[in-house]
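J.:
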Amino acid sequence: MENENNAVKNPKHYQLGNLGIEAIDVIREVTGELKDGFQGKCVGDILKYVMRAHKKNGIQDYEKAQEYLTYLIKYMKREQGGLE
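The numbering of the sequence shown is numbering that gives the first Met the number 0, which starts it at 0 and goes up by one.
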């Protein structure tokens, strides 16, 4: 049960080295400054996938981050009245 609990509450692939923080701490800090919910979602997912890639899914996680970055750029251009 303890290992199961750690996999849910404290997964190793979200630990940031020996810093004593997890990816969620970084995501909370960065996205907390954003006023737009969709932008926050995209930035949070970009950070999540980049920070865990070397411990979990490698290239696949980087590709997921890239996908969310593309969503974010298109959204921001649209919001600013630019072309996609």
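By construction, the Cβ of each residue, glycine as well, lies at the ideal position given by its N, Cα and C atoms.
1. So what does DSSP say about Glu-32, is it helix, strand or coil?
2. Give the straight-line distance between the Cα atoms of Lys-73 and Gly-31, rounded to the nearest whole angstrom.
3. Thinking Tyr-61 and Val-49 are a contact (beta carbons under 8 angstroms), I'd like their distance in whole angstroms, please.
4. Contact defined as beta carbons within less than 8 angstroms: I believe Ala-22 pairs with Ile-45. What is the distance between those atoms, to the nearest angstrom?
5. Skipping 5 residues on each side, what residues in its chain have a beta carbon closer than 8 angstroms to that of Val-29?
6. Does the beta-carbon of His-53 have 16 or more other beta-carbons within 10 angstroms, so that it is buried, or is it exposed?
7. Rounded C-beta distance between Leu-68 and Gln-38? I'm assuming under 8 angstroms.
T.: Taking the geometry as given:
1. Looking up residue 32 in the sequence shown gives position 33. Reduced to three states, the DSSP call for Glu-32 is coil.
2. Residue mapping note: residue 73 aligns to position 74 of the sequence shown, counting from 1. Residue mapping note: residue 31 aligns to position 32 of the sequence shown, counting from 1. For Lys-73 and Gly-31, the distance between alpha carbons rounds to 21 angstroms.
3. Start at 1 with the first residue of the sequence shown, and residue 61 comes out as number 62. Start at 1 with the first residue of the sequence shown, and residue 49 comes out as number 50. Their Cβ separation, rounded to whole angstroms, is 7 angstroms, which keeps Tyr-61 and Val-49 in contact under 8 angstroms.
4. If you number the sequence shown from 1, residue 22 lands on position 23. If you number the sequence shown from 1, residue 45 lands on position 46. At roughly 11 angstroms, the Cβ-Cβ gap does not stay under 8 angstroms, so Ala-22 and Ile-45 are not in contact.
5. As a position in the sequence shown, residue 29 is number 30, starting the count at 1. Hits under 8 angstroms: Val-42, Gly-43 and Leu-46.
6. Against the sequence shown, residue 53 aligns to sequence position 54. Result: exposed.
7. Reading the sequence shown from its first residue, position 69 is the one you call residue 68. Reading the sequence shown from its first residue, position 39 is the one you call residue 38. No, Leu-68 and Gln-38 are not in contact; Cβ-Cβ is about 12 angstroms, not under 8 angstroms.
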